[in-house]
Amino acid sequence: MGLTGSALREWVDAERVIERDLRVQVRNEQRERIELEERRLQAEQRVLQLKPKLQEQATS
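If you're matching positions, the sequence shown starts at 1 in this note's numbering and goes up one per residue.
This is the structure we're talking about:
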């Protein structure tokens, strides 16, 4: 026989909390990956901007 009444309700509530916490964790991990990718792209863009200046200085 399975859970019934208040025991079932408590179990369902606990499962909902677990699922909610997992969704929050996934969203946070996605946000961190996006932020890291944005920083990587910014650094790459900065390198591309500085490269011609460095080449110009090297030839001067």
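Glycine included, C-beta positions come from ideal geometry on N, C-alpha and C.
Item	Value
For W11 and L22, which I take to be in contact (beta-carbon distance under 8 Å), what is that distance rounded to the nearest angstrom?	Contact flag wrong, Cβ pair sits at about 17 Å.
Just how far apart, CA to CA, sit Q25 and R46?	32 Å
Counting only beta-carbon separations shorter than 8 Å, does E38 have a partner in chain C?	Within the model displayed, chain C is absent; a lone protein chain is all it includes.
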